[in-house]
Amino acid sequence: MTRAELGAAGYHNGRLVSVPTANVAQTLERADDRQKLDLLCALLQEELEQASRGGPEMPLTIVFVERKTRCDEVAQALQAESIPAVALHGGLGQWERESSLKEFSEGRARVLVATDVASRGLDVKGIGHVINMDLPRAFEDYVHRIGRTGRAGTRGRATSFFSDKDAFLVSQIKTALAEAERGNAAAFQMGKEARKAEKELAQKFKSDLKLGSQPENV
């Protein structure tokens, strides 16, 4: 299914944000679990087709997923669509992990499908696109993920698929984007202060739900 076909089917009605923040343009797109793989394939196929028509080379892309089994499933599905992808997760042997990283860092595989745990300490230059097929639970983890692109003065992209279960994190991301647009350079901060702010926002979010009001920025 092409991206145009997905759009005609109404899959893009949930796109909420496409805002450049520092060196990373961030996009949030609503999708349930059944739609995510089609959306991912369409997005990556579009980039491959542009490259084949003489456009820019398909960027090195990290696709983050929640579980090891999902990691393998997604990588295999992309390979079936002729998208050069490899998997990286803790269930792989040392040789397999090294092989995946080598293929990705050398550009033979343009897509690395990874879990958070497996990607810790990953140092690959030139990552142009980070895709959160599954959003993390914490805002700080989101910041850490998208921080893998847009480095050393280059421009990067971050695309995140979300559903209702991600409501709180999405509200945090949208708040941070609004703050960044107003010139707040610390909107996507990490560390102790970020965790404190996240805890306060979580408490307010839960209070709003108990009171029956609509939480802000959802």
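Counted from 1, the sequence shown has number 83 at position 84 by numbering that gives the first Met the number 0; the numbering is strictly sequential. Built from N, CA and C at the ideal position, the CB exists for glycine as well.
Within 8 angstroms, do at least three Cβ pairs link the segment 75 to 88 to the segment 153 to 171? Below 8 angstroms, too few C-beta pairs join the segment 153 to 171 and the segment 75 to 88 to call them touching: fewer than three.
Grouping DSSP H, G and I as helix and E and B as strand, with all else coil, what is Gly106? It is coil, neither helix nor strand.
Whether Gly149 touches Ala117 by CB criterion (8 angstroms): Not a contact, by the Cβ cut-off of 8 angstroms.
Under 6 angstroms Cβ to Cβ from Gly106, same chain only, skipping five residues before and after it: list those, please. Cβ-Cβ distances below 6 angstroms link Gly106 to nothing in the same chain once the five nearest sequence neighbours on each side are left out.
Under a Cβ-count criterion, where at least 16 other Cβ atoms within 10 Å of its own Cβ denotes burial, should Glu46 be classed as buried or exposed? Buried.
Return helix, strand or coil for Ala86, following the three-state DSSP convention. Note: Ala86 maps to strand in three-state DSSP.
Please determine, among Gly54, Ile126, Lys173, the residue with the shortest C-alpha to C-alpha distance to Ala151. Ala151 has its Cα closest to that of Ile126, out of Gly54, Ile126, Lys173.
By DSSP, does Leu42 sit in helix, in strand, or in coil? It is helical.
Please list, in chain order, all residues of the same chain as Arg154 whose beta carbon is under 6 angstroms from its beta carbon, the five residues on each side excluded. Result list for Arg154: Asn22, in chain order.
Here's the rule I'm using: 16 or more other beta-carbon atoms within 10 Å means buried, otherwise exposed. How should Gln171 be labelled? Label assigned to Gln171: buried.
Less than 8 angstroms between the CB atoms is what I'm expecting for Val62 and Val123, so what's the real figure, rounded? Actually they are not in contact, since the Cβ atoms of Val62 and Val123 sit about 14 angstroms apart, beyond 8 angstroms.
Could you spell out the range, first to last residue, of the beta strand (DSSP E) harbouring Glu28? Taken as a continuous stretch (DSSP letters only), the beta strand (DSSP E) holding Glu28 covers 23 to 29.
Who are Phe63's beta bridge partners in DSSP? Note: Phe63 sits in a beta bridge opposite Ala113, Asn131.
When the Cα of Arg29 is compared with those of Leu43, Asp133, Ala179, which residue comes out closest? Ranking the options by Cα distance to Arg29, first place goes to Asp133.
Residue closest to Val142, alpha-carbon to alpha-carbon, out of Ala175, Asp32, Glu97: In terms of Cα proximity to Val142, the closest of Ala175, Asp32, Glu97 is Ala175.
Using C-beta distances below 6 angstroms, list every residue in its chain close to Lys35, excluding the 5 sequence neighbours before and after it, in chain order. Excluding sequence neighbours, Lys35 sits near Met132, Phe160.
Ala157: first and last residue of the uninterrupted beta strand (DSSP E) it sits in: Note, Ala157: beta strand (DSSP E), 155 to 161.
With 16 other Cβ atoms within 10 Å as the buried cut-off, status of Asn12: Residue placement at Asn12 is poorly supported in this model, since its pLDDT is 45, which falls under 50; the coordinates still yield a value, given next. Of the residues assessed, Asn12 falls on the exposed side of the cut-off, its CB having fewer than 16 other CB atoms within 10 angstroms.
Can the beta-carbon of Gln25 be found less than 8 angstroms from the beta-carbon of Ile145? The answer is yes: Cβ separation under 8 angstroms.
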